[in-house]
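Asks: I have a structure I would like to understand better, so I am pasting it below and will then ask my questions one at a time.
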Amino acid sequence: MKKINYLEIEGWSGKLLGLLAVLGLITLAGLGATYYMEHHGHYVTGMNNQIVWGMPHVFAIFLIVAASGALNVASIGTVFGKTIYKPLGRLSALLAIALLAGGLMVLVLDLGRPDRLVIAMTYYNFKSIFAWNIILYNGFFAIVIVYIWMMMEGKMHNYYRPAGIVAFIWRLILTTGTGSIFGFLVARSAYDAAIMAPMFIIMSFAFGLAFFMLIILIGYPCMGRPLGDKTVKTLKNLLGVFVGAVMYFVLVYHLTNLYGTEHHGVEKFIIAGNTEFTKIFWILQVLVGGILPLVIFYSKLSNSRKWIGLGALLVLIGGIAQLYVIVIGGQSYPLEMFPGMEVISSSFGDANAYHPYSPSLAETLLGLSGIAVAILIVVLGSKVLAFMPTSLADKEVDPHSKA
Amino acid sequence: MKYLRFILVLLTVLLTGNTVLAEVPGPVIPKGNADKCVLPTQEMRLHHMEKILHQRDNTMHKGIRTTKFSFKKCITCHVVKDDSGKAVTHKDKRHFCNSCHSFASVKIDCFDCHASTPTSKSTKSNAGGKP
Amino acid sequence: MNNQDSSSDGISRRKFLAAGVVTTAGVSIASGVSLLSIAQAKPADQSVTDKQRWGMLIDTNKCAKGCTSCVDACNHENGLDRGDEQHSRPDQKAHWIRKVELKDKATDHTVSLPLMCQHCENPPCVDVCPTGASFKRKDGIVLVDKHICIGCRYCMMACPYKARSFIHEELNNQLDYAPRGKGTVESCTLCVHRVDTGGTPACVEACNTAGHKAMYFGDLKDSNSDVSKQLKIHSSTAIRADLNLNPGVRYRGI
Chain A
29 MKKINYLEIE GWSGKLLGLL AVLGLITLAG LGATYYMEHH GHYVTGMNNQ IVWGMPHVFA
89 IFLIVAASGA LNVASIGTVF GKTIYKPLGR LSALLAIALL AGGLMVLVLD LGRPDRLVIA
149 MTYYNFKSIF AWNIILYNGF FAIVIVYIWM MMEGKMHNYY RPAGIVAFIW RLILTTGTGS
209 IFGFLVARSA YDAAIMAPMF IIMSFAFGLA FFMLIILIGY PCMGRPLGDK TVKTLKNLLG
269 VFVGAVMYFV LVYHLTNLYG TEHHGVEKFI IAGNTEFTKI FWILQVLVGG ILPLVIFYSK
329 LSNSRKWIGL GALLVLIGGI AQLYVIVIGG QSYPLEMFPG MEVISSSFGD ANAYHPYSPS
389 LAETLLGLSG IAVAILIVVL GSKVLAFMPT SLADKEVDPH SKA
Chain B
6 MKYLRFILVL LTVLLTGNTV LAEVPGPVIP KGNADKCVLP TQEMRLHHME KILHQRDNTM
66 HKGIRTTKFS FKKCITCHVV KDDSGKAVTH KDKRHFCNSC HSFASVKIDC FDCHASTPTS
126 KSTKSNAGGK P
Chain C
6 MNNQDSSSDG ISRRKFLAAG VVTTAGVSIA SGVSLLSIAQ AKPADQSVTD KQRWGMLIDT
66 NKCAKGCTSC VDACNHENGL DRGDEQHSRP DQKAHWIRKV ELKDKATDHT VSLPLMCQHC
126 ENPPCVDVCP TGASFKRKDG IVLVDKHICI GCRYCMMACP YKARSFIHEE LNNQLDYAPR
186 GKGTVESCTL CVHRVDTGGT PACVEACNTA GHKAMYFGDL KDSNSDVSKQ LKIHSSTAIR
246 ADLNLNPGVR YRGI
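Residue numbers (this note's numbering), protein chains in the order written: chain A, 29 to 431; chain B, 6 to 136; chain C, 6 to 259.
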C-alpha cells in the first residue's frame, strides 16, 4: 500500500470562514442560553419535576453515544487491520473526541449547579454508574489523545496498535456504561432492561459512522481533495449493516416488553399511543432513521453520493428521535406504583396518563450548540494539524487497486 | 531605545499608581450580639470556613448538632438590623458575612440554600429536646 | 486452692467475684434501661447510630379522602408555603409529600394515602448519585446533602416513588432549619431536625391533631415503640414491595 500523505486544511477560503462563522454563532447562542438558564433557574425551561431530563440530555447522550462509535473507523483499521480504513484513523479519532466534548459540554451546562463540577470530579460514589461514566469519559479523552499522537508521530509507530486496542476496549466499556445509565434504573418501565447497554453500543456504531461519513462526503469536495468510490462504498455498506443491527435490537427490546404483561402499559404508550412519542417512534425513528436509509444504501440510489449523504443524515435524525423516545418518552410514562389500581387524584401528577413536555428554545439551542462545538473542533483541529489524507482516491487507499 | 519599555512602565505606574495603590477604605464589619465569638476574632477570620465545613459534614451525615459551631447560631448572633428593626439578608451590604465577603470579593455559596437571617420559631414540637 | 468461705478474713474471693458480676450487670442493665428511655432524643454532640431505624406506618383505612393536613403541615414546617417559587409552573413546584387517591380497577374499592420519600433500606437514589450527595444516614433517614449536590437529577430518574423535587428558581424565604436552594434536589427529610431532638415529623403530628391518627412514627428496631407494635399486629406492606428496597414507610390497607 502506498504511503498516505496527510495535510491540514489549506488556506482560509470563503467557505471555511463562513462555516466557522455559522458554527461560532450557534455555539454562542447555546452559551447564551446556558447563561439564561443558569441565572434564572430551570423554571425557564420546559423541564419540570416529572420530565427531569429534557432536550439538552437528548442531544448530549446522542453526541456521547456517537462519539464512541466515531472511533470505530479507526479501530477497524488499527485493531482489525483492514487496510482501506487505515487512512481514516486520525480523522475518526479526532471526531470521537470532538463529539464527546460537544456532548459533555451540553450535559455539564445543564446541571442545576454547574459551578460544582469540581465536586463531581472529586467526590465519587463508586456504586453510581454515572460516577463511573465521568471517569470513563475523562479517560477516553486521554486515551484517544495518546492514540492520535501515536498515529501521527513517526517515532511512536510501533505503539499505535496497542493504543488503538486500549481505546477500542475502553470505548466499549464507556458505551456500556452510557446504556446502563438507563438499564440500571429499576423504577421506570421503559428502562430497567439489560438490553439497553448493547443497544447503545450498536447505536453508537451507527451514529458515529454516519457522522464520519457526512464529514468526508461534505468535507472532501469542499477541500477539493479526491474521495474514491471504494472508500465511500465500504463505509456505506458498513453503515447499512449497523442500521440493520440497530433495528434488530429495537425489535428485540419491544418484543420482549410486549411479551410480559407488566410492560404492556409502556409498550402501548410508545408504539400504539396517542401522544407524540408514537409518531416520533414510527415516523422518525423507524421510518426515517431505519427503513429509508436501508432502502437508500441497498438500492441503485447508493450509486449517488448525494443519496448516501442523505441516508447518513437520516440515520442521525432517526438517532435523535430514538433518544427522544428513550429519554423523554421513558419519563413521560407514569411510574407504575400501584399495579391494578387507577390513580384518581394526586397533587403531584401521578394521576396523569402521561407527562407532557414541550422544550423551550433555550434548551434546544443548548443541545444544538453541542453539535456545533463538535464540528468546530473537527474543523479547527484539521486546520491546525494534519488529520485528513490529501487523497482518498481508490488508487491510494485500495489494497487491491492495480496502481 | 532599549530604555523605552522601562520609561513606559515607569510612566504607567506613576500616573495610575495614585488610584491603584491608594488607600481603599476597609470593610465595615458590624459587631456581633454577644461579648465575644466562640473563637478569638483572628482565628475566626482565618479559619471560619474550616469550622463551618467540618460542622456541616458532622450535622449532615452524623446528626451532630452541637451549638458551638451551629450555623443557625452564627446567623442569630451576628444578625444586623436595618433602621426599621428588620434583619438584613445576605443581599444587603450591611449583612455580617457580606460586609467582609464583598470587600474581599469572595462569593458566598451558603445563602443559596441557607437562610441568612434568623427565622422565627416554627410550630415544631419539642418533645424531649431543645431546638 | 482454699475455697472455704472465711467470714473472719473479710470477703472471700468467690463473694467478691459474685458481687462484682452483680454490680457490673446491674450497672450495664441500668445504663441500658436509661439509654432506652432517652432513645428518642440522643445527645446533640453524639453521632446517630444504626441501633435505631426511623420508620412510619400509614393506616390507609383511617386516612381521610380529601384531607390534606399532612401535606399542609409539611409545607408549613419546611418553608414550602412562604411565597417562594413564584416563577415556577405548578409542575415545577416542589412537593415533599402528596396525597394520592386510588381505585382498584377490579373491585372499585377506593383508598387514599399520603406518599413521601419512603426512606428505603436499599435506596436506588443513593446508588445512582454520582457525588454521594444522596445518602442514607445510619439511622435510616435518606437525605440529600445539598452542599455536594450538583443538580444532575439522576436520583429523580431513579426514585421508584417520584419522591424528589428539583428547585427551579432562586429561593429567598428558607427557614433556618430547612435549607433549600436553586439547582439542588430535595425530598422529605422525615423532619430530621425534629427527630434529632426527640420530636415527631410534622405530618404525623398534624394527622394526630386532625383526629385521624392514621400515621405512626417511631423506631422500627425498638419492639416497644408504637409503630413496631402496630406493625406486629396487622399486616402491612410497602409500595412496590417487589423491588426489595425495604422502605421505612409501610402501609396498611393497600
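We put the CB at the ideal spot given by N, CA and C, even for glycine.
#1: Could you give the residue range of the alpha helix (DSSP H) that holds Met-179 (chain A)?
#2: Cα separation between Val-93 (chain A) and Lys-77 (chain B)?
#3: Return the residues of the segment 196-220 of chain A that lie within a Cβ-Cβ distance of less than 9 Å from chain C, sorted by chain order.
#4: Does the CB of Ala-215 (chain C) have a neighbour CB from chain B at under 8 Å?
#5: So the candidates are C:Leu-248, C:Arg-257, C:Gly-186 and C:Cys-196; which of them puts its Cα closest to the Cα of Cys-118 (chain B)?
#6: Chain A beta carbons: is any one of them nearer than 8 Å to that of Leu-40 (chain C)?
#7: One question on the structure: do Thr-122 (chain B) and Ala-92 (chain B) come within less than 8 Å of each other, judged by their Cβ atoms?
#8: Considering only DSSP beta bridges, list what Cys-125 (chain C) is partnered with.
#9: In angstroms with no decimal places, state the Cα-to-Cα distance between Phe-116 (chain B) and Ala-61 (chain A).
#10: Tell me the DSSP secondary structure of Ala-183 (chain C) in three-state form.
#11: Take the Cβ of Asn-100 (chain A) as the centre, count every other Cβ of all protein chains shown within 10 Å, and call the residue buried at 16 or more, exposed below.
#12: Count the other CB atoms within 10 Å of the CB of Gly-74 (chain A); is the residue buried (16 or more) or exposed (fewer)?
#13: So, do the segment 311-318 of chain A and the segment 340-349 of chain A have three or more beta carbon pairs nearer to each other than 8 Å?
#14: Should the segment 119-131 of chain A be called in touch with the segment 389-408 of chain A, which here means at least 3 C-beta pairs below 8 Å?
#15: For Pro-119 (chain C), name the three-state secondary structure that DSSP assigns.
#16: Considering only their Cβ atoms, is the gap separating Ile-356 (chain A) from Val-86 (chain A) smaller than 8 Å?
#17: Using beta-carbon positions only, say whether Val-133 (chain C) and Ser-156 (chain A) come within less than 8 Å of one another.
#18: Compare the beta carbon distance of Ala-222 (chain A) and Pro-165 (chain C) with 8 Å and say whether it is the shorter of the two.
#19: Name the chain B residues whose beta carbon is nearer than 7 Å to that of Gly-186 (chain C)?
#20: Comparing C-alpha positions only, which one of C:Phe-222, C:Tyr-182, C:Ala-111 and C:Asp-144 sits nearest to Met-61 (chain C)?
#21: Between which residues of its own chain and Ala-204 (chain A) is the CB-CB distance below 7 Å, once the five residues before and five after are set aside?
#22: Lys-151 (chain C) to Met-369 (chain A), Cα distance in whole Å?
#23: Please classify Phe-241 (chain A) as buried or exposed, where buried requires at least 16 neighbouring CB atoms within 10 angstroms.
#24: Taking Cβ to Cβ, would you say Gly-140 (chain A) is nearer than 8 Å to Ile-155 (chain C)?
#25: Give the straight-line distance between the Cα atoms of Ile-153 (chain C) and Arg-18 (chain C), rounded to the nearest whole angstrom.
#26: Who are Pro-35 (chain B)'s beta bridge partners in DSSP?
#27: Would you identify the three-state DSSP class for Val-107 (chain A), choosing helix, strand or coil?
#28: Can you pull the chain C neighbours of Arg-70 (chain B), defined as C-beta to C-beta under 9 Å?
#29: By the 10 Å Cβ neighbour count, where 16 or more other Cβ atoms means buried, how is Asn-83 (chain C) classified, buried or exposed?
#30: How many Å lie between Val-85 (chain B) and His-100 (chain B) at the Cα?
#31: Can you say whether Glu-174 (chain C) is buried or exposed, counting buried as having 16 or more other CB atoms within 10 angstroms of its CB?
#32: Return the Cβ separation of Ile-162 (chain A) and Pro-135 (chain C) in integer angstroms, given the expectation that the two are a contact with Cβ distance under 8 Å.
#33: Can you check DSSP and say which residues form a bridge with Ala-92 (chain B)?
#34: For a cutoff of 8 Å on Cβ pairs, would you count Leu-62 (chain C) as touching chain A?
#35: Is any heavy atom in the ligand SAM found nearer than 7 Å to the beta carbon of Pro-226 (chain A)?
#36: Ser-42 (chain C) by DSSP, collapsed to three states: which one?
Replies: To lay it out plainly:
#1: Taken as a continuous stretch (DSSP letters only), the alpha helix (DSSP H) holding Met-179 (chain A) covers 157-180.
#2: 46 Å
#3: Correct list: Ile-209, Phe-210, Phe-212, Leu-213, Val-214, Ala-215, Arg-216 and Tyr-219.
#4: no
#5: Of all alpha-carbon atoms in C:Leu-248, C:Arg-257, C:Gly-186 and C:Cys-196, the one lying nearest the alpha-carbon of Cys-118 (chain B) is that of C:Gly-186.
#6: Low confidence applies here, because Leu-40 (chain C) scores a pLDDT of 42, under 50, leaving its location unreliable; read the following figure in that light. No - not a single Cβ of chain A is within 8 Å of the one on Leu-40 (chain C).
#7: yes
#8: Answer is C:Pro-252, bridged to Cys-125 (chain C).
#9: 25 Å
#10: strand
#11: buried
#12: buried
#13: yes
#14: yes
#15: strand
#16: Between Val-86 (chain A) and Ile-356 (chain A), the C-beta spacing is below 8 Å.
#17: yes
#18: no
#19: Listed along chain B are Asp-117 and Cys-118, each with a C-beta nearer than 7 Å to that of Gly-186 (chain C).
#20: C:Phe-222
#21: Note on identity: in this sequence residue 204 (chain A) is Thr, with Ala being the wrong assignment. Result list for Thr-204 (chain A): Ala-225 and Ile-229, in chain order.
#22: 35 Å
#23: What sits at residue 241 (chain A) in the sequence shown is Met, not Phe. Classification of Met-241 (chain A): buried, given that the 10 Å Cβ count is 16 or more.
#24: yes
#25: 60 Å
#26: For Pro-35 (chain B), which the question treats as bridged, DSSP gives no partner whatsoever.
#27: coil
#28: Ala-49, Asp-50, His-198, Asp-201 and Thr-202
#29: buried
#30: 6 Å
#31: That one is buried.
#32: 6 Å
#33: In the DSSP assignment, Ala-92 (chain B) is bridged to B:Lys-86.
#34: no
#35: The ligand content of the structure shown is nil, which means the ligand SAM is not present either.
#36: With a pLDDT of 39 at Ser-42 (chain C), under the threshold of 50, the modelled position of this residue cannot be trusted; read the value that follows with caution. Residue state, collapsed to three classes: helix.
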